[in-house]
Amino acid sequence: MPRWRIPLRAPVLLTAAGLLLAGCANPSTGSATDDPTKPVTITFWHGWSAEGEVKAIDDSIARFEKAHPNIKVKSVGNVSDATVNQALRAGGDEAPDVVSSFTTNNVGQYCDSGMWADLDPFMKKTGLDKKKIFPQSLLDYTSYQGNQCALPLLADAFGMYYNKDAFEKAGITHPPKTMSEFVADAKKLTVRSGNSYQRVGFMPNFRLYQNSPDRLFAQWGPTYFDKDGASRLAKDPATYQFFGTAKKLMDAQGGYNALERFRTSFGDEMSNQNAFLSGKLAMHLDGEWRGLMLNDSKAKFDWDVAPLPVPDDQPETYGRGYLTGTVAGIAHSSKHQNAAWELVKFLTTDTDQVVKFANAIHNVPSTNAALTSPKLDADPKFRTFLDIAKNKYSQVMPPSTNGGMYVVQLQDFSYTQEAGRVPDLKAGLKRLDKLIDADTLQSQN
Amino acid sequence: MAIALSRPARRRLRTLGFLSPWLIGFSVFFAYPLLATVYFSFMHYNQIKAPTFVGLRNWKYVFQDMPLFGPALWNTLWLVVIMVALRVVFGLSLGLLVTKIKTGVGFFRTAFYLPYLAPPVAATVAFVFLLNPGTGPVNEVLSKIGIDGPNWFNDPTWAKPSLVLLSLWGIGDLMVIFMAALLDVPKEQYEAADLDGAGAFAKFRYVTWPSITPIVMFAVVTGVVQTMQYYTQALVAGKIASGVSIGPGSVIQPGYPDHSTLTVPQLVYSMGFQNFNTGAACVLSLVLFAIAMAVTMLLMRKRSGLLAAED
């Protein structure tokens with residue numbers, strides 16, 4: 001046998017095997033042909049991990065199992081979106097039937113990729129009218145290009161927590177309503193201590209806890225994409241006003257470097273070392289769940305909640321805020337999709353369940369009926385968030401085919417901008433638009 | 001029914017039988033992943049729908065529209081040059097030190113080796129805590145002697161040097177290798193050099209160095225390959241130092257601060273398993289592979305030259 005034939009055969013064989021195996025790398029698909037009245041065990045993945053939250057979801061599942069004795073639910077908590085994303089791609093017997101996510105950022109990706117099943121056929125089959133059940137803004141963030149692959153499972157509204165004792169000490173009688181008042185109050189509330197701080201009025205740094213730039217930016221009501229789906233941040237005057245205000249807030253309180261250094265001394269957000277709870281921040285952007293934590297931790301100062309201020313030229317929008325929420329859906333690979341739908345339907349549309357769950361974990365209810373329920377928590381501080389959720393100017397993030405990649409790009413840009421390392425904001429934003437568009441194109445087939 | 005095979009065929013089968021463990025390992029763990037990586041670099045594949053051919057689009061995306069590719073490549077190469085060089089110099093110096101000291105040898109060898117045994121994640125978390133600019137003890141001590149300490153892992157200028165410090169702290173592996181090499185240098189050569197009146201530097205240059213050159217090259221080549229794959233410490237340092245809450249729904253871009261700790265392997269993971277952009281992740285992997293191969297080949301040729309010169 002001539003010697004040259006062996007080295008030729010091996011690579012050809014390996015190439016063929018490689019391409020064959022590469023082509024086979026597709027996860028399994030599920031079905032919606034199961035009978036939901038037959039005994040079955042379904043798996044539910046969710047992100048809740050705190051003791052009280054886990055108890056609340058377990059109680060919800062117990063109520064569901066009582067109403068559907070034939071369906072047993074195996075609940076798996078503390079599951080991140082990364083795990084959901086990877087597990088649903090990998091498939092396998094341990095994959096979940098019902099999935100949920102703490103963010104709306106990835107809904108576009110879940111719908112567009114087909115990872116989460118379209119729920120419209122299920123709603124049609126069971127005679128549910130989604131437009132009557134859910135507020136439109138919440139339906140917007142749970143669908144992508146007509147594919148309703150998720151439903152809202154409680155919502156989150158963002159507002160401003162403030163230290164009333166610090167306000168009184170600084171002679172401030174009411175929370176700021178406009179950005180100008182915001183900057184002035186932040187300055188008054190800031191107390192320096194040598195090179196550092198005893199307290200900062202409002203820390204605008206985008207890496208602080210929930211301060212992702214899209215959340216404060218929501219106060220300007222920006223439009224992220226044009227009708228063709230192209231990023232338009234450089235074209236929107238709101239973007240320049242937003243970054244301008246963030247810089248004013250920084251400068252009024254000592255500048256980025258000093259604030260950033262102070263931020264690195266803060267404790268964990270979810271612990272008693274939280275900077276607002278420990279009195280290091282007088283005003284703080286956060287979600288409605290923080291109130292429950294402040295009560296549980298017995299904050300040593302009097303606090304209250306208000307909507308975040310709005311731009312000076314948009315006073316009519318005061319009361320608005322950033323909205324997001326937990327979403328639930330059915331995994332494409334589930335072999336028990338009809339049984340899974342029963343759980344999704346119960347968790348997301350049953351008014352009594354939604355109210356009980358919202359009260360238990362201090363989240364905003366996500367159905368029209370639950371939002372007006374007399375059984376809802378009457379705490380006026382919590383009700384501020386209900387009002388933010390109902391405000392017509394409140395903003396949700398538009399879904400995108402590649403999930404929250406544009407938000408991550410905006411965050412990345414904002415980190416550089418706040419550090420003063422973007423010499424030309426307009427040119428920087430144009431480049432950011434180009435990058436977001438390139439990412440979108442790259443994610444499309 | 002027995003099959004009659006010719007003698008050359010039997011020999012080939014026997015040879016293949018002996019080679020099969022390596023052939024299987026090579027095929028499954030190297031050739032197939034490499035071929036699949038090349039294949040996917042030309043495909044759009046989100047790991048859920050069937051791959052579709054997109055030509056050079058992934059390559060164009062990486063080289064034209066991925067702003068993080070440049071910083072990631074720069075950081076990786078910076079670490080390869082600075083970290084590997086300093087680790088070799090520091091490891092060799094420590095090796096020399098522990099072979100020279102007369103008392104407490106066991107204690108010093110153990111003390112210098114122990115940090116290497118610390119799990120990388122735990123060691124990195126401890127370093128970020130020690131070097132925290134606001135509350136860390138290092139800056140606290142520095143301030144007591146009138147020095148305004150840097151922001152370490154929170155400053156783009158200092159983040160990579162901080163990672164280098166961390167790697168020098170865990171130098172135990174190289175110290176042991178160099179110590180073994182140094183103890184292996186024939187004593188007669190030092191005695192001959194003493195008789196010739198050679199000083200300490202001359203003895204190192206003309207006796208020690210030629211004997212340990214292959215070990216130095218080994219340390220450099222393995223150091224380069226390892227640093228090209230630098231991932232865990234940079235990722236953990238960036239995430240912890242940023243102080244950003246990583247909740248169940250959040251995704252953060254690695255490389256804090258200002259992408260200064262972003263390395264190509266982190267970008268590969270981020271692209272492949274956070275963004276599910278398999279094509280771009282494969283392009284990045286191939287670029288990394290090509291650079292690692294080129295650098296290693298260059299060093300191996302240099303090593304051959306060095307050895308030939310010594311011969």
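As given, the protein sequences belong to chains A and B, one line each in that order. The first sequence lines up with residues 1 to 445 when you count with my numbering. The second sequence lines up with residues 1 to 311 when you count with my numbering. Think of the CB as a built atom: it goes at the ideal place given N, C-alpha and C, for glycine as much as any other residue. Here the structure is a predicted model, which is why all the values come from computation and not from measurement.
Residue contact with chain A for N277 (chain B): present (Cβ-Cβ distance below 8 Å to some residue of chain A). When C-beta distances to chain B are compared with 7 Å, the residues of the stretch 180–211 of chain A below that value are R207 and Y209, in chain order.
When secondary structure is reduced to three states using DSSP, N272 (chain A) falls in the coil class, being assigned neither helix nor strand. For the options B:Q229, B:I3, B:C282 and B:L298, the alpha carbon positioned closest to that of L35 (chain B) is the one of B:C282.
Counted as a single uninterrupted DSSP element, the beta strand (DSSP E) harbouring K74 (chain A) occupies residues I71 to V76. Runs of the beta strand (DSSP E) spanning 3 or more residues and lying entirely within the stretch 172–214 of chain A occur at 191–193 and 196–202, in chain order. Neighbours of N132 (chain B) in chain A, taken as residues whose beta carbon is under 9 Å from its own, are T264 and S265 in chain order.
In the structure shown, N151 (chain B) adopts coil according to DSSP, grouped into three states. Between Q274 (chain B) and L235 (chain B), the gap from beta carbon to beta carbon reaches 8 Å or more. Contact between the stretch 287–296 of chain B and the stretch 8–19 of chain B is absent: fewer than 3 CB-CB pairs across the two stretches fall below 8 Å. Within chain B, the residues whose beta carbon sits less than 8 Å from that of G114 (chain A) are I48 and K49, listed in sequence order.
Taking a Cβ-Cβ cut-off of 8 Å, the neighbours of T416 (chain A) in chain B comprise D258, given in sequence order.
Put simply, the CB of L139 (chain A) is far from chain B, with every gap to its CB atoms at 8 Å or more. Rounded to whole angstroms, the gap between the alpha carbons of P51 (chain B) and D97 (chain A) is 25 Å.
Under the 8 Å criterion on CB atoms, D302 (chain A) is classed as non-interfacial with respect to chain B.
The CB of F273 (chain B) comes closer than 7 Å to the CB of Q86 in chain A, given here in chain order.
D258 (chain B) sits in coil when the DSSP states are folded into three classes, being neither helix nor strand. Using a 10 angstroms sphere on the CB of A290 (chain B), the tally of other CB atoms stays under 16, which defines it as exposed. Interface criterion not met: the Cβ of L233 (chain A) is under 8 Å from no Cβ in chain B. Within the stretch 3–58 of chain B, no run of beta strand (DSSP E) at least 3 residues long lies entirely inside it. Think of a sphere of 8 Å around the beta carbon of T135 (chain B): the chain A residues whose beta carbon falls inside it are T264 and S265, in chain order.
Segment contact: the stretch 192–203 of chain A against the stretch 321–330 of chain A, fewer than three CB-CB distances shorter than 8 Å; contact not assigned. Taking 3 residues as the minimum length, the beta strand (DSSP E) runs contained wholly in the stretch 261–309 of chain A are 281–287 and 303–306, in order along the chain.
Beta-bridge analysis with DSSP links S100 (chain A) to A:A328. Chain-order list of chain A residues neighbouring N154 (chain B): E260, R261 and T264, by C-beta distance under 8 Å.
P176 (chain A) and K430 (chain A) have their C-alpha atoms spaced approximately 32 Å apart. In the three-state DSSP reduction, V408 (chain A) falls in the helix class (H, G or I). Among the residues facing chain B, N359 (chain A) is not included, as its CB has no counterpart in that chain under 8 Å away. From the beta-carbon of N151 (chain B), the residues of chain A found nearer than 9 Å are N257, E260, R261 and T264. Minimum Cα-Cα distance from L347 (chain A) among the listed residues A:G329, A:P307 and A:A184 corresponds to A:G329. Straight across, the Cα-Cα distance linking E260 (chain A) with N205 (chain A) is about 7 Å. In chain order, V73 and S75 place their CB closer than 6 Å to the CB of I61 (chain A), counting only its own chain and leaving out the 5 sequence neighbours on each side. In the DSSP annotation of this structure, the continuous segment of the beta strand (DSSP E) that includes T43 (chain A) starts and ends at V40 to W45.
Secondary-structure assignment with DSSP links F225 (chain A) through a beta bridge to A:S231. Looking at the DSSP output, F158 (chain A) shares a beta bridge with A:G287. Here T351 (chain A) is not near A378 (chain A), since their CB atoms are 8 Å or more apart.
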